[in-house]
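Residue numbers (the numbering used here): 316 to 467.
Glycine is no exception: its CB is placed at the ideal position from the N, C-alpha and C atoms.
Report on the following structure.
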Ligand code: FES
Ligand code: FES
């Protein structure tokens with residue numbers, strides 16, 4: 316059994332300690348907002364926060380996340396930054412198919428916690444690891460600027 320704290324709640328997962336956090340979240344805890352894209356840390360669909368930092372849950376074993384604070388898309392709006400990002404995403408109608416968007420939002424929220432007023436270049440740099448096959452990058456950038464303004 317591995318003890319995890321997810322979105323402020325203590326949970327246990329009966330799985331091998333090497334199990335990727337992504338599968339513990341999706342298959343054991345039914346938190347299916349976090350998506351599987353590549354499985355090898357290159358697409359960003361699986362981004363969650365570990366102690367506030369964005370990580371790739373597809374390549375993070377549950378043993379590395381045990382006892383730490385995990386936040387998923389289901390819990391990101393519990394703080395004002397995540398809430399502002401989600402509101403900006405809705406306002407700008409960012410999602411197309413939506414598949415990449417939970418990872419995009421998690422990366423954007425982490426960016427805005429670290430940098431309250433990111434430039435276009437800083438946004439592009441921070442979001443470069445999040446791939447969107449629908450090409451929503453322009454709306455993502457606009458939504459991040461908007462969320463930064465709302466939080467100022
Ligand atoms: S599924 Fe984790 S980075 Fe692609
Ligand atoms: S909205 Fe479709 S992959 Fe990003």
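Quick one: does the C-beta of residue i sit closer than 6 Å to a heavy atom of ligand 2?
i           : result
residue 451 : yes
residue 456 : no
residue 415 : yes
residue 358 : no
residue 428 : no
residue 448 : yes
Answer yes or no: the CB of residue i versus the heavy atoms of ligand 1, is any distance below 6 Å?
i           : result
residue 412 : no
residue 353 : yes
residue 361 : yes
residue 371 : yes
To which residues of the same chain is residue i closer than 8 Å at the C-beta, ignoring the five residues directly before and after it?
i           : result
residue 366 : 383 and 384
residue 422 : 359, 362, 369, 441, 442, 444 and 445
residue 378 : 317, 332 and 333
residue 330 : 317, 338, 339, 343 and 377
residue 420 : 388, 391, 397, 400, 401 and 404
With a 10 Å radius around its C-beta and 16 neighbouring C-beta atoms as the bar for buried, classify residue i as buried or exposed.
i           : result
residue 470 : Outside the displayed range of the chain (316 to 467) lies residue 470, so it cannot be described from this structure.
residue 372 : buried
residue 375 : buried
residue 405 : exposed
residue 325 : exposed
residue 451 : buried
residue 418 : buried
Which same chain residues, not among the five before or five after residue i, have their C-beta less than 6 Å away from its C-beta?
i           : result
residue 346 : 340, 387 and 389
residue 432 : 463
residue 447 : 415
residue 403 : 458, 461 and 462
residue 401 : 392
residue 407 : 454, 457 and 458
Whose C-beta lies closer than 7 Å to the C-beta of residue i among residues of the same chain, with five residues either side of it excluded?
i           : result
residue 409 : 416, 451, 454, 455 and 458
residue 380 : 319, 336 and 365
*Touch check for the stretch 341-361 and the stretch 396-409: three-plus C-beta pairs under 8 Å?*
No: the two stretches stay apart, fewer than three of their Cβ pairs being nearer than 8 Å.
*At what residue ranges does the stretch 379-410 contain a whole run of the beta strand (DSSP E), taking only runs of 3 or more?*
The stretch 379-410 contains these whole beta strand (DSSP E) runs: 384-386.
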